[in-house]
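Sequential numbering from 32 applies to the sequence shown in the working numbering.
Yeah, the Cβ is synthetic: ideal placement off N, Cα and C, and Gly gets one too.
These numbers come from a predicted model, not from an experiment.
Worksheet: the structure to be examined is printed underneath.
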Amino acid sequence: MGWKEKITTIKNEGQELILNFSGKEITAGKNQVVLPQEWVQLKNGVSSIDAFVLVYIFEYAADDSDQERLDWEEKLNFWKSMKRPDFQD
C-alpha cells in the first residue's frame, strides 16, 4: 500500500482537510489543511479525529489567550460550517 492510500481527504467549499495516516510528512497545498498525525486515527478502515482536539479548537467559552487554538480554529473554519462532507479515502 502506497502512502497516498493512507490518507483521508474531506472536501468542502473548495477547501480540503487531510487526515494523514502514512507516517510521512505531507505538506499542505493551496486550500489544504493537514491535521497533525497525533490528532487522527485509522482503525479497521475507519478514519477518525480525536474528539478532545475538536472540543479544544472549537470551544466557544475559550478566551483568546491560546494562539495555537486560535490558529487552528482559523485554519479549520471552513470545516466547522460543513453541511455534508465529501469523504475520499
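Nearest-angstrom Cα separation, counted from residue j out to residue i
i, j, result
"T58", "A92", "32 Å"
"M32", "G60", "Unreliable placement is indicated for M32, whose pLDDT of 44 sits below 50; the coordinate value is still reported in the next sentence. Distance between the alpha carbons of M32 and G60 is about 23 Å."
"W34", "G45", "The pLDDT assigned to W34 is 44, lower than 50, so where the model puts this residue is not dependable; a value taken from the coordinates is nonetheless given after this. Computed Cα separation, rounded: 23 Å."
"K42", "L85", "18 Å"
Option in the options with minimal Cα separation from residue i
i, options, result
"L50", "W70, N43 and N62", "W70"
"E90", "E56, L66, T39 and L107", "L107"
Sheet register partners of residue i (DSSP bridge)
i, result
"Q63", "E47"
"V77", "K74"
Contacting residues, own chain, Cβ-Cβ under 8 Å from residue i (five flanking each side not counted)
i, result
"K37", "N51, F52, S53, G54 and L73"
Sequence-distant residues of the same chain with beta carbon closer than 7 Å to residue i, five excluded per side
i, result
"Q63", "E47 and I49"
"G87", "In the sequence under discussion, the amino acid at residue 87 is Tyr, which differs from the Gly named in the question. Here the set comprises R100."
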